[in-house]
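Engineer: The numbers in the sequence shown follow full-length UniProt numbering, run straight up by one, and end at 785. Here's a structure for you.
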Amino acid sequence: MALLKQLEHLKISLDVIKLATNNFGPENFVGVGGFGKVYKAEITTTEGLTKAVAIKRLDRRHGQGEREFLMEIMMLSRYRHKNLVSLLGFCDEGDEKILVYDYEFNGSLEKYLGSNSLTWGQRLKICIGAARGLEYLHNPLGTQQRVLHRDVKSANVLLDQFWEAKIADFGLSKIGPANQEFTFLVSNAVGTFGYCDPLYAETNFLTKESDVYSFGVVLFEVLCGRLCIGKPDDKHRLLTKLAQISYEQGKLDDIIFHGLRGQMESNSLRTYSSIAYRCLKREREERPTMAQVLEELELSLEYQESFQSGKPMEYEEIIQMADREQPLVYTNKRELKLLLSSGIRFDWGRRWFSLSKKEQNCEMISASEFTFQDPGIVQWIPHSTSRFSEVAKIERPHNLQIVVDVETRFLSPGITYAAYLVLKYCDTFSSSSHVDQSKMTREPIFLGLQFKFKDANESSFSHLADWTDNGWMILELCQFVSYRKVAKLELLLEGIPCYNFMLLEGIQFLPIEMQAIEEEPLVVVDNSNTMIDANWEQKLPNDYQYIIKAAKDRVPYNITNKEIYTLLSNGILTNKGQMLFSLDKNGIKCCMASARAFLEDNDGEFSRFSDLACFRWISLHESRFEKVAECQSGRVLRINCPINSHMLTPNTTYATYLVCKLPEVSHVTLKCPLEVKDINFGSPNFNEVRFIYLSSPKTPLIMLTNSDQDRNQRPTMNPLSRPKIESMLRQRKDGWMEAQIWTFKADAATSVNVTFALTCNEREQLTGLIVQGIEIRPKYTLLVK
């Protein structure tokens, strides 16, 4: 306890932590570790800055307690390094023992071992960061003692927003004398099975070489893209044995994670695998120190970086191929870098080369290299914003088929690239078409391109186009890891959306930013108030009597206003059970209309829709309404739902959500987005179109190498979905799913008529879709984990 008194400045009150975590609410929960549950939150520092933090709450059922809690505080308050997690504070009140850290946005290394998006170069840098952290613990500066971690594993290597590695979890650590060649501590063997030094487990003699062994296991996990302990039925369940045998027999290629081998410079792999193998030696004296491990890993990275292109002074070949009409004038490396960053045209005007901000090669190939099924309908014209002298102008391109068979020349090896089709669509020859207008907001626009890779069985789709700075649109076709400078892309553009004309510039290859692999966000819609705050009277609506009179079930006449507020906060059925009214935590009115309220006349007066959806009515125990609608057939879902002004709070911006469940039949999918059109004749947004996604848009991840064997592998789906699509279907806490349809602002005394038509792609049906209703709530109440 004397230690805690010395660290009073790090104490954080339990009230502050409860407020930050919503009283340890499920919306803030992010996982469970050896210490207990972990929560994500935001706190305000003494400097007045808001900071994302990870909060670890001790759960004694996990086998850890007072000793581990104090060790973690002592360790992280004394030992500071950029490759160790940072302790911001702690709480020790009553039975609660809580640790507060910097939140590392990308989670643990363990999650990324089997990720194709983590290149060999990036893996090396992560290993070097972790090695630096461990080397500091083994050989601290100043008077601090040596630290033996005792639980080194990939789950305890955290990655911040810049993918910098941080060693975490010091609850099992031991401290010994520093500045000695050997430090022996007698201790009961602890750690994680598969990572623990076998000599330590047998003798209970703990040394710094025990951490080295565990780190060697992590190095082979990174190389092989798997955890050290496989499934029980895996004949190679223990990675350490498999790795040692493979190394000794010269068969490492058999166990290296697929996709990595083609990226590796041979000396880089040789140096890395050699030091990893030495870490796993049985005798401690044969294992390297962490300083030696770090040195070898840095050498491995040096070999890899020298192998990869991307340094401006190495582009003599490109400079020689540059178009003579675009003379390259530079006197030093800095000027050449700026020149290449702006981009140059080469190869007789058919290619464009540039450097990204991270000095990675970017390449674009002109549409003149494509094969058009009917060349007669293609007109080649100049365009002021194109990087090429001419672009393809194609009138009414919807029946056009284009063969794209292109080969890059200067991509950076080991980098994840995306291939984009660069184009413009217009409804008219006027520059003021509705497609061009969208670029004013720079929001993605739906185009819906169908294409097929060579040797693929099924077609792929690219739905959303993004705007570039020079006014062109780019449609992402696929992602791939570049193994060498040359990558061959073969595909057929077979379904072009119908516009009056299209301008086609070419195919562009750009490096993509690596994204964190995250669980699908959980939408928390929880208006229940388990505790009545002191301001409930101010939050009770003045017109609450209207809601009480409209209630489906009779409300007792002697109920108090406080009880009414509780009733409304938890939700009350009105309008003969077809509307659910509630108050959110701020006293703002929310409501949800049942499917019965707006779908019963779906085949009625709006006969202009030729393919209206037909429904059957079923009961589901998880629904707040008596019946929900299950679609039997059709492509068009019509919503016509009047909302009384008493159900909404004036001058509030609301969002409208479709609350539904996807078909359970595995072969029924809705890959394309639903078109949402405002069909209210009196609405200022009449006929305006938006889109919602019932399944996350995916980008094909393909293999692009010079090897015919690899090239013929069929495309697979990229595990990274397109991020930040507000109108994408998301999982709710109550078991349903929802997608945002529209937003509007409620007026003081005007009812709202929610009138939309939702239409799926002509190749698909809504069959199996279950609709509970339409929910209307303030836009800010959408909280994601």
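Backbone N, C-alpha and C define an ideal beta-carbon position, used for all residues, glycine too. From a predicted model like this one, the values you see are computed outputs, not experimental measurements.
1. Inspect the CB distances between the region 450-462 and the region 387-395 and report whether three or more fall short of 8 Å.
2. Tell me, please, which residues DSSP counts as bridged to cysteine 91.
3. Within its chain, find whatever has a CB closer than 7 Å to the CB of glycine 31; leave out the 5 residues flanking it on each side and keep chain order.
4. What are the partner residues of leucine 758, as DSSP defines its beta bridges?
5. Excluding the 5 residues preceding and the 5 following alanine 487 in the sequence, name in chain order all residues of the same chain whose CB lies nearer than 8 Å to its CB.
6. Let me know the secondary structure DSSP gives phenylalanine 686 once reduced to three states.
7. Are serine 13 and glutamate 93 close, meaning C-beta to C-beta below 9 Å?
8. Cα separation between residue 786 and glycine 121?
9. Reducing DSSP to helix, strand and coil, say where glutamine 161 ends up.
10. Is the beta carbon of glutamate 622 sitting closer than 9 Å to the one on aspartate 553?
11. Pull up the distance between the alpha-carbon of glutamine 578 and that of serine 594, whole angstroms please.
12. Given this structure, state the Cα-to-Cα distance separating histidine 667 from glutamine 450, to the nearest angstrom.
13. If you follow the beta strand (DSSP E) that leucine 477 is part of, which residue opens it and which one closes it?
14. In three-state DSSP terms, what is glutamine 765?
15. Could you check if tryptophan 352 is buried or exposed, using at least 16 other CB atoms within 10 Å of its CB as the buried criterion?
16. Against chain C, with Cβ distances strictly below 9 Å, would valine 404 count as a contact?
17. Please classify arginine 763 as buried or exposed, where buried requires at least 16 neighbouring CB atoms within 10 angstroms.
18. Does DSSP put isoleucine 618 in a helix, in a strand, or in coil?
19. Over what stretch of residues does the beta strand (DSSP E) that includes tryptophan 120 continue unbroken?
20. Leucine 491 and lysine 454 look like a contact to me (Cβ under 8 Å); what is the Cβ gap, rounded to whole Å?
21. Just how far apart, CA to CA, sit leucine 503 and arginine 350?
22. In three-state DSSP terms, what is methionine 364?
23. Note the first and the last residue of the continuous alpha helix (DSSP H) segment covering cysteine 228.
24. Within the region 340-414, note down every full beta strand (DSSP E) run reaching 3 residues or more, in order along the chain.
25. Return the first residue and the last residue of the beta strand (DSSP E) that isoleucine 547 is part of.
26. Taking 9 Å as the cut-off, decide whether the C-beta atoms of lysine 166 and glycine 129 are in contact.
27. Rounded to the nearest angstrom, what separates leucine 7 and leucine 260 at their Cα positions?
28. Under 7 Å Cβ to Cβ from serine 707, same chain only, skipping five residues before and after it: list those, please.
29. Roughly how many angstroms separate the alpha carbons of arginine 761 and leucine 729, rounded to a whole number?
30. According to DSSP, simplified to helix, strand and coil, what is methionine 75?
31. From which residue to which residue does the alpha helix (DSSP H) around valine 293 run?
32. For the pair the region 210-227 and the region 266-283, tell me if three or more CB-CB distances fall below 8 Å.
33. So glycine 147 and serine 115 are in contact, right, with Cβ under 8 Å, and what is the actual spacing, rounded?
34. Beta strand (DSSP E) containing aspartate 466: first to last residue?
35. Verify whether the separation of the beta carbon atoms of threonine 653 and lysine 779 is less than 9 Å.
36. Quick one: using the 10 Å Cβ neighbour count with 16 as the cut-off for buried, is phenylalanine 686 buried or exposed?
Structural biologist: Well, looking at it:
1. no
2. Ile98
3. Val38
4. Leu637, Val676
5. Glu407, Thr408, Leu411, Tyr417, Phe480, Phe509, Leu704, Thr705
6. Residue state, collapsed to three classes: coil.
7. yes
8. The requested residue 786 is not part of the displayed model; the chain covers only 1 to 785.
9. coil
10. no
11. Computed Cα separation, rounded: 5 Å.
12. Only weak support exists for where histidine 667 lies, its pLDDT of 46 falling under 50; the value from the coordinates is given anyway. Their Cα atoms are separated by approximately 20 Å.
13. 473-482
14. coil
15. buried
16. You won't find chain C in this structure, because it holds only one protein chain.
17. exposed
18. strand
19. Taken as a continuous stretch (DSSP letters only), tryptophan 120 belongs to no beta strand (DSSP E), being part of the alpha helix (DSSP H) at 120-138.
20. 7 Å
21. Rounded to the nearest whole angstrom, the C-alpha separation of leucine 503 and arginine 350 is 16 Å.
22. strand
23. Cysteine 228: not part of any alpha helix (DSSP H); DSSP gives it neither H nor E.
24. Listed in chain order, the complete beta strand (DSSP E) runs (minimum 3 residues) inside the region 340-414 are 344-346, 351-355, 361-366, 378-381, 391-395, 402-407.
25. Isoleucine 547: not part of any beta strand (DSSP E); member of the alpha helix (DSSP H) spanning 544-550, first to last residue.
26. yes
27. 46 Å
28. Summary for serine 707: the model assigns pLDDT 43, below 50, so the residue's position carries little reliability; its value from the coordinates is reported in the next sentence. For serine 707, there are no CB contacts under 7 Å within the same chain when 5 residues up- and downstream are skipped.
29. According to the sequence provided, residue 761 is asparagine. The question's arginine does not apply to it. Their Cα atoms are separated by approximately 17 Å.
30. helix
31. Per DSSP, valine 293 is one residue of the alpha helix (DSSP H) stretching across 290-307.
32. yes
33. Checking the sequence shown, residue 147 turns out to be valine, not glycine. About 30 Å; that fails the 8 Å criterion.
34. 460-467
35. yes
36. exposed
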